[in-house]
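Student: Structure provided below as structure tokens; questions to follow.
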Amino acid sequence: MKSKDSDAPETVALLSQQQKDVESNGSKQDSSEGRNNKPFMFGLGLTTIVIGYYALCSSTMLVINKVAIYKLPCPIFVLCCQLFCSAAIVAAANHLGVLQAEYTEWAKLKKFIWVVVGFLGTIFANIKVLQHANVETFITFRSSTPLILSVCDYLFLGRMLPSARSWAALLVLLGGSVGYVMSDSDFRVDAYVWLFLWYCFFTFDTVYVKHMCDTVKMTNWSRVYYTNAIALVPLAVSLPVLGEHKKLERVEWSWDVVGPLILSCLVGLCMSHSAYLLRDTVSATLFTIVGILCKIITVVINVLIWDKHATPTGIMFLLVCVLAGTFYEQSPKRSQANNQQQQQS
Numbered sequence: 001m002k003s004k005d006s007d008a009p010e011t012v013a014l015l016s017q018q019q020k021d022v023e024s025n026g027s028k029q030d031s032s033e034g035r036n037n038k039p040f041m042f043g044l045g046l047t048t049i050v051i052g053y054y055a056l057c058s059s060t061m062l063v064i065n066k067v068a069i070y071k072l073p074c075p076i077f078v079l080c081c082q083l084f085c086s087a088a089i090v091a092a093a094n095h096l097g098v099l100q101a102e103y104t105e106w107a108k109l110k111k112f113i114w115v116v117v118g119f120l121g122t123i124f125a126n127i128k129v130l131q132h133a134n135v136e137t138f139i140t141f142r143s144s145t146p147l148i149l150s151v152c153d154y155l156f157l158g159r160m161l162p163s164a165r166s167w168a169a170l171l172v173l174l175g176g177s178v179g180y181v182m183s184d185s186d187f188r189v190d191a192y193v194w195l196f197l198w199y200c201f202f203t204f205d206t207v208y209v210k211h212m213c214d215t216v217k218m219t220n221w222s223r224v225y226y227t228n229a230i231a232l233v234p235l236a237v238s239l240p241v242l243g244e245h246k247k248l249e250r251v252e253w254s255w256d257v258v259g260p261l262i263l264s265c266l267v268g269l270c271m272s273h274s275a276y277l278l279r280d281t282v283s284a285t286l287f288t289i290v291g292i293l294c295k296i297i298t299v300v301i302n303v304l305i306w307d308k309h310a311t312p313t314g315i316m317f318l319l320v321c322v323l324a325g326t327f328y329e330q331s332p333k334r335s336q337a338n339n340q341q342q343q344q345s
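With full-length UniProt numbering applied, the sequence shown has no gaps in its numbers, which climb one by one up to 345 at the end.
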């Protein structure tokens, strides 16, 4: 048996090795953002390509959902179709070897259930908002979420607080949101109740999913599959509870109804995948900022094809929100900032 004195060098060596491992892992995470900005395809960095992919899906998904729900006023059924198609397509593609969606362990699955809770709450509140409010109302309320998420990035995800320039941009976003609410000609109390519930679910979902992407190693297609497959179960059960099966009996299944439904399912799959890719690449706050900025395309589409859009004053405040977001700079990780300070000193 070794004495306590003889154990001491081994203990010190073990602690030293553990410290090196931690520093090594931290440096790998800190350098990943730099690698993502290097040329990846056609001279564009991986982050830029992922942002473009997400922007294309996000800018069209909101309007497509609005049209689908207008043509088929059964939001839970529409959502169930989207979840089922996403899970089924990923499972079939994985079986054929087109993509990889590996099986996961029960320990990971238990943590992933909270992802589904946030996901379900967010998308259900999202659909209810689209039932009771115009698209611009939803976009502008979303514009105020980075203020909360920037603090959550600091408290839970190891980021620095925003710079003075970024704080100013976020405050202008909030000011534009307040201005829009005051000028909203379609103000409805029930819509803003759903918007508040969406706000709470969205904040939790954004922060927790980013935490899961950083700590639980899975392919993004696996995340897409498990999110949609697990979420489908409670939603399918709720269909008869909410009485939508009776509404479905009265639906005339013309191409005007089926077309937008199929399109929403296909775009929903791409939206789910692109969202996980972007969350895995950037901070929670920047993920939200990107979502807000790309909504300017949604506004253009909405004004062109829909008659339920905001007043000119409301759209002006919306543009203020979007333009303010362009001045936001992603906060670095605290470990990365500390390393830079040590190198400068």
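All C-beta atoms in this analysis are idealised placements derived from N, C-alpha and C, irrespective of residue type, glycine included.
Terminal residues of the continuous alpha helix (DSSP H) containing V243?
Tutor: Before going further, note that residue 243 is Gly rather than Val in the sequence given. First-last for G243: undefined, no H or E at that position.
Student: Could you have a look at R142 and say whether DSSP puts it in helix, strand or coil?
Tutor: Residue state, collapsed to three classes: helix.
Student: DSSP on G45, reduced to helix/strand/coil?
Tutor: Strand, per DSSP.
Student: A68: buried (16+ other C-beta within 10 angstroms of its C-beta) or exposed?
Tutor: Result: buried.
Student: Quick check on DSSP: helix, strand or coil for R159?
Tutor: Reduced to three states, the DSSP call for R159 is strand.
Student: I'd like to confirm the pairing. Which residues does DSSP put opposite K333 in its beta bridges?
Tutor: Answer is R159.
Student: Inspect the beta-carbon positions of M61 and M316 and report whether they are closer than 8 Å.
Tutor: No, the pair does not count as a contact, with Cβ atoms beyond the cut-off.
Student: How many angstroms separate the CA atom of V282 from the CA atom of T47?
Tutor: In a straight line, the C-alpha of V282 is about 8 Å away from that of T47.
Student: Just to check my reading of the structure: L248 and V207 have Cβ atoms closer than 8 Å, yes? What is that Cβ distance to the nearest angstrom?
Tutor: 36 Å between Cβ atoms; not a contact.
Student: Could you please give the first and the last residue of the uninterrupted alpha helix (DSSP H) stretch that includes L266?
Tutor: W255 to T281 is the extent of the alpha helix (DSSP H) around L266.
Student: Taking buried to mean at least 16 other C-beta atoms within 10 Å of its own C-beta, is A212 buried or exposed?
Tutor: Per the sequence presented here, residue 212 reads as Met, with Ala not at that position. Buried, since its Cβ has 16 or more Cβ neighbours within 10 Å.
Student: For the structure I just gave you, are there three or more beta carbon pairs, one from the region 81–91 and one from the region 258–276, closer than 8 Å?
Tutor: Counting Cβ pairs under 8 Å, three or more are found: they touch.
Student: Under 8 Å by Cβ, that's how I've got A324 and G176 pegged, so tell me the actual separation to the nearest angstrom.
Tutor: Contact flag correct, Cβ pair sits at about 7 Å.
Student: For the 8 Å Cβ check, are there 3 or more pairs between the region 98–117 and the region 189–200?
Tutor: Touching, no.
Student: For C200, decide whether its Cβ has a neighbour in chain B, counting only Cβ atoms nearer than 8 Å.
Tutor: In the displayed structure, chain B is absent; only one protein chain is listed.
Student: How big is the Cα-Cα spacing for G26 and E252?
Tutor: In this prediction, G26 scores a pLDDT of 44, lower than 50, which makes its location untrustworthy; the coordinate-derived value is nonetheless stated afterwards. Looking at the two C-alpha atoms, the distance is approximately 57 Å.
Student: For M182 and R334, which I take to be in contact (beta-carbon distance under 8 Å), what is that distance rounded to the nearest angstrom?
Tutor: The pair is not a contact, with the Cβ atoms about 38 Å apart (cut-off 8 Å).
Student: Could you tell me the distance, in whole angstroms, from the CA atom of V258 to the CA atom of K71?
Tutor: Each residue's Cα considered, the two are about 9 Å apart.
Student: Is it right to say Y328 is buried, meaning 16 or more other beta carbons lie within 10 angstroms of its own, or is it exposed?
Tutor: It counts as buried.
Student: Verify whether the separation of the beta carbon atoms of H273 and W198 is less than 8 Å.
Tutor: Not closer than 8 Å, so no.
Student: When you compare the CB positions of I113 and P75, do they come within less than 8 Å of one another, or not?
Tutor: No. Outside cutoff.
Student: So does the region 228–235 actually touch the region 283–290, counting three or more Cβ pairs closer than 8 Å?
Tutor: No, they do not touch.
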